[in-house]
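In the working numbering, each residue's number is its place in the sequence shown (first place is 1) plus 42. Reading through the structure tokens given below for one structure.
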Amino acid sequence: MKRKWKWILGLGLLALAGGGTYAAIRIKNNGIVTVQTGRALRQDLTSLVTASGEIKPLKYINIGANVMGRITEIHVREGDRVRRNQVLAKLE
């Protein structure tokens, strides 16, 4: 009786191994990719890129005064380019 079960178990394992091999080969052959080719053409390209993000300067500079006082005039706005020795604001 034990011998019969060993044969049945062996045949079952053999059938599973054969089925697994068949399925693997079948799936592998279905992975073929179709490729379409064409001639290269010379033409003008129009490209538009839209993106969102944050722009940061290369350098940050903190500006301060050596004296205390109230600001009466501001000669520049945030984001303006400034030069060395340019008056940015006036104090009382």
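Note that the Cβ used here is the ideal one computed from N, Cα and C, for glycine as well. Please read these numbers as outputs of a predicted model, since none were measured by experiment.
Three or more beta-carbon pairs separated by less than 8 angstroms link the stretch 122-133 to the stretch 97-114, which places the two stretches in contact. Residue 74: not part of any beta strand (DSSP E); DSSP gives it neither H nor E. Take the alpha-carbon of residue 119 and the one of residue 79: they are about 56 angstroms apart.
For residue 120, there is no enclosing beta strand (DSSP E), as DSSP marks it with neither H nor E. For residue 131, the enclosing beta strand (DSSP E) stretches over residues 131-133. Collapsing the DSSP output to three states places residue 50 in a helix.
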